[in-house]
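K.L.:
Would you mind keeping the following structure in view while I ask a few things?
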Amino acid sequence: MRALRLIALTVLAAALLSATAYGAGRAYHELGNEKAAGSPTSGADPTPGATGSPTDTPSEEPAEDPVEPSGTPTPTEPPEPAYVLAPGDKGEQVRELQHRLFQLAWFPEHTTGTYDAATRDAVEGFQAKRGFQANGSVNQKTWRRLVAMTKTPTHDQKFNILRPGPRLLGAGDTGDRVRDVQARLKQIAWIYGPVTGTYDAATVTAVKGFQAKRQIPVTGEVDQRTLDRLAAMTHTPSYGEKHNKAPSTGATNAPLDPRCTTGRALCVDKSSRTVRWVVDGKVLATYEARFGSDELPTREGAFSVLRKSRDHVSTLYHTSMPFAMFFSGGQAVHYSPDFAANGYNGNSHGCVNVRDYNGMVWLFDQVGVGDKVIVYWS
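All you need for this note's numbering is the position in the sequence shown, starting with 1, plus 2.
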């Protein structure tokens with residue numbers, strides 16, 4: 003019995019060993035078949051070559067979609083506006099612009115708050131003087147330069163709320179400073195009588211009129227604003243102007259034309275080359291004169307003063323004609339800078355030239371529209 007069990011165990015062990023050997027051989031055989039059918043030949047590189055199809059190994063996709071560049075780069079700062087202010091604009095900023103222009107003598111002191119033609123012209127002038135594009139509109143460049151050159155105006159300045167400054171001269175004052183003010187007021191026809199040197203009622207009235215016309219606080223007293231405006235409109239008075247003395251130049255013994263001996267007359271004598279101011283036959287002043295050429299002669303005869311222009315410029319010849327007193331068309335008695343510089347080495351275009359500037363300042367204030375002008379040969 004025991005021997006039978008031993009035999010049975012031996013047979014079972016042999017069977018198990020045979021089964022195991024068979025399974026291992028089968029597996030080895032299957033593996034060899036797979037290599038023969040699908041693997042490259044011995045010694046070949048198992049990785050795809052450079053000539054392999056692009057579909058052999060798909061490329062790796064990016065983790066995020068790429069950002070496409072924009073056609074126009076985004077600026078880091080917003081561009082400046084084309085214009086800060088332009089014609090047609092209205093408001094407080096326009097008032098500020100106007101007052102800043104006033105500080106630089108490009109605009110009147112009185113602001114309007116409307117960007118009108120006068121404002122445009124002032125801006126153009128400011129721009130042109132600084133080499134900017136002169137188009138009359140305020141861009142950032144113009145505005146920055148204007149602000150850098152001026153003070154920020156106060157509310158009162160922007161809205162024309164003017165307050166009188168400290169008194170410099172007023173009623174009862176006397177002296178040379180009063181004479182200076184009176185002579186200046188006389189130059190612009192606010193005083194017609196003699197310069198007295200006393201700040202009297204007539205002077206108070208003249209100062210009030212001057213202030214009112216220029217929208218300065220009307221007090222009848224001279225403050226700094228009044229004095230500055232008066233000085234800007236006039237020239238420095240001569241001693242003769244301040245002491246009622248007519249200049250004495252160009253004296254001549256040439257006879258007067260009979261038409262000059264009555265009334266008020268400018269007697270223009272081509273023979274003596276003089277102009278004489280005659281009142282009721284009395285010669286009050288005489289000046290050397292220059293006349294037109296043969297091609298452009300000064301007309302002769304009896305005329306009268308038709309109009310006066312203190313700062314005239316010829317529209318025909320574009321030359322300065324200060325203190326012009328017109329008597330025949332475009333012909334006038336006036337001061338001539340060219341005559342003063344070059345004397346008789348030249349002629350006028352038909353006018354009567356005078357080369358004494360201070361004399362013409364005085365004469366212009368004496369002669370009135372309607373006074374006679376007699377042009378003759380003595």
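Where a beta carbon is used, it is the ideal one built from N, C-alpha and C, also for glycine.
Could you give the residue range of the alpha helix (DSSP H) that holds Y241?
P.N.:
As a first step, residue 241 must be located in the sequence shown, where it is residue number 239. Run containing Y241: 241-244, per the alpha helix (DSSP H) assignment.
K.L.:
Short check: CB of V281 to CB of L268, under 8 Å?
P.N.:
Translated into the one-based positions of the sequence shown, residue 281 becomes position 279. Translated into the one-based positions of the sequence shown, residue 268 becomes position 266. Cβ distance not < 8 Å, so V281 and L268 don't count as in contact.
K.L.:
Pull the bridge partners of D313 from the DSSP assignment, please.
P.N.:
Looking up residue 313 in the sequence shown gives position 311. Answer is P324.
K.L.:
Across the stretch 292-304 and the stretch 344-352, are there enough close Cβ pairs to call them in contact, namely three or more that are closer than 8 Å?
P.N.:
Under the three-pair Cβ rule at 8 Å, the stretch 292-304 counts as touching the stretch 344-352.
K.L.:
To the nearest angstrom, how far is it from the Cα of D321 to the Cα of G174?
P.N.:
Against the sequence shown, residue 321 aligns to sequence position 319. Against the sequence shown, residue 174 aligns to sequence position 172. Reading off the sequence shown, one finds Thr at residue 321, where the question assumed Asp. Approximately 44 Å, taken between the alpha carbons.
K.L.:
I need the straight-line Cα distance from R275 to I376, nearest angstrom please.
P.N.:
The count along the sequence shown starts at 1 and reaches residue 275 at position 273. The count along the sequence shown starts at 1 and reaches residue 376 at position 374. When rounded, the distance between both Cα atoms is 13 Å.
K.L.:
Given T264, which residues of its chain have a CB within under 8 Å of its CB, disregarding the five upstream and five downstream residues?
P.N.:
In the sequence shown, counting from the first residue as 1, residue 264 sits at position 262. Contacts found: D282, G283.
K.L.:
Look up S280 in the DSSP assignment and say whether it is helix, strand or coil.
P.N.:
Counting from 1 along the sequence shown, the entry for residue 280 is found at position 278. Sequence inspection shows Val at residue 280; the Ser mentioned does not correspond to that position. Residue state, collapsed to three classes: strand.
K.L.:
Should the stretch 137-146 be called in touch with the stretch 161-178, which here means at least 3 C-beta pairs below 8 Å?
P.N.:
no
K.L.:
What residue from A304, E297, F328 has the CA that sits closest to S311's CA?
P.N.:
Taking the first residue of the sequence shown as 1, we reach residue 311 at position 309. For S311, the nearest C-alpha among the options comes from F328.
K.L.:
Output the boundary residues of the beta strand (DSSP E) element that contains V356.
P.N.:
Looking up residue 356 in the sequence shown gives position 354. Its beta strand (DSSP E) spans residues 354-356.
K.L.:
At the level of alpha carbons, what is the spacing between Y337 and V356?
P.N.:
The count along the sequence shown starts at 1 and reaches residue 337 at position 335. The count along the sequence shown starts at 1 and reaches residue 356 at position 354. Rounded to the nearest angstrom, the two C-alpha atoms are 5 Å apart.
K.L.:
With a CB to CB cut of under 6 Å and the five nearest residues on each side skipped, what residues in its chain are close to E36?
P.N.:
Residue 36 sits at position 34 when you count from the first residue of the sequence shown. With a pLDDT of 48 at E36, under the threshold of 50, the predicted position of this residue should be treated as unreliable, though the coordinate-derived value follows. Cβ neighbours of E36 beyond the five flanking positions: none.
K.L.:
Going by other Cβ atoms of all chains shown within 10 Å of its Cβ, with 16 needed for buried, is Q213 buried or exposed?
P.N.:
Numbered from its first residue, the sequence shown carries residue 213 at position 211. Answer is buried; the Cβ neighbour count reaches 16.
K.L.:
Hey, out of K153, M235, P155, Q135, whose CA is closest to V183's CA?
P.N.:
In the sequence shown, counting from the first residue as 1, residue 183 sits at position 181. Ranking the options by Cα distance to V183, first place goes to M235.
K.L.:
What does the Cβ neighbour count give for L187, buried or exposed, with the cut at 16 atoms within 10 Å?
P.N.:
If you number the sequence shown from 1, residue 187 lands on position 185. Buried.
K.L.:
Starting from R181, trace the alpha helix (DSSP H) in both directions and tell me its first and last residue.
P.N.:
As a first step, residue 181 must be located in the sequence shown, where it is residue number 179. Residues 178-189.
K.L.:
When the Cα atoms are used, what is the spatial distance from T238 to K131?
P.N.:
Along the sequence shown, one-based indexing puts residue 238 at 236. Along the sequence shown, one-based indexing puts residue 131 at 129. Near 28 Å, if we compare the C-alpha coordinates of K131 and T238.
K.L.:
Let me make sure I understand the geometry here. Which of V125, L318, S330, P260 has the alpha-carbon closest to that of E302?
P.N.:
Position 300 of the sequence shown holds residue 302. Minimum Cα distance to E302 is reached at S330.
K.L.:
Give me the residue from R261, M362, Q333 with the minimum Cα distance to A342.
P.N.:
Walking along the sequence shown from the start, residue 342 turns up at place 340. Minimum Cα distance to A342 is reached at M362.
K.L.:
For Y194 and N360, I'd like the C-alpha separation in whole angstroms.
P.N.:
Here residue 194 refers to the residue found at position 192 when the sequence shown is read from its first residue. Here residue 360 refers to the residue found at position 358 when the sequence shown is read from its first residue. Rounded to the nearest angstrom, the two C-alpha atoms are 18 Å apart.
K.L.:
Quick one: using the 10 Å Cβ neighbour count with 16 as the cut-off for buried, is R102 buried or exposed?
P.N.:
One-based indexing of the sequence shown puts residue 102 at position 100. Buried, by the Cβ-count rule.
K.L.:
Give the secondary structure of H101 by DSSP, where H, G and I count as helix, E and B as strand, and everything else as coil.
P.N.:
Working through the sequence shown from its first residue, we reach residue 101 at position 99. Of the three classes helix, strand and coil, the one that applies to H101 here is helix, per DSSP.
K.L.:
Can you give, in chain order, each stretch of the alpha helix (DSSP H) that sits fully within the stretch 203-239 and has at least 4 residues?
P.N.:
203-215, 226-235
K.L.:
For A65, count neighbouring Cβ atoms within 10 angstroms of its own Cβ and tell me buried if that reaches 16, exposed if not.
P.N.:
In the sequence shown, counting from the first residue as 1, residue 65 sits at position 63. No answer about A65 holds up, because its pLDDT of 49 lies below 50 and its placement is not dependable.
K.L.:
Per DSSP, what kind of secondary structure is D47 in: helix, strand or coil?
P.N.:
Here the question's residue 47 lines up with position 45 in the sequence shown. At D47 the pLDDT is 42, less than 50, meaning the model places this residue with poor confidence and gives no usable figure here.
K.L.:
When you compare each of C262, H112, H157, P339 to I1 by their alpha carbons, which one comes out closest?
P.N.:
In this structure the chain extends from 3 to 380, so residue 1 is not present and cannot be described.
K.L.:
Tell me whether G303 sits in a helix, a strand or coil according to DSSP, three-state version.
P.N.:
One-based indexing of the sequence shown puts residue 303 at position 301. The answer is strand: DSSP assigns G303 an E or B state.
K.L.:
At what residues does the beta strand (DSSP E) containing H336 begin and finish?
P.N.:
Here the question's residue 336 lines up with position 334 in the sequence shown. 333-337 is the span of the beta strand (DSSP E), which, as asked, contains H336.
K.L.:
Can you tell me whether T59 is buried or exposed? The criterion is at least 16 other CB atoms within 10 Å of its CB, across all chains shown.
P.N.:
To locate residue 59, count along the sequence shown from 1; it is residue 57. Unreliable placement is indicated for T59, whose pLDDT of 47 sits below 50; the coordinate value is still reported in the next sentence. Exposed is the call here.
K.L.:
Alpha helix (DSSP H) containing K374: first to last residue?
P.N.:
Here residue 374 refers to the residue found at position 372 of the sequence shown. From DSSP, K374 is part of no alpha helix (DSSP H) but of the beta strand (DSSP E) over 374-378.
K.L.:
Report the rounded CA-to-CA distance for T200 versus Q142, giving the unit in angstroms.
P.N.:
The residue you call residue 200 lines up with position 198 of the sequence shown. The residue you call residue 142 lines up with position 140 of the sequence shown. Computed Cα separation, rounded: 52 Å.
K.L.:
Which residue marks the beginning of the alpha helix (DSSP H) containing V270, and which one marks its end?
P.N.:
The residue labelled residue 270 in the question sits at position 268 within the sequence shown. DSSP places V270 outside any alpha helix (DSSP H); the residue lies instead in the beta strand (DSSP E), whose first and last residues are 266-271.
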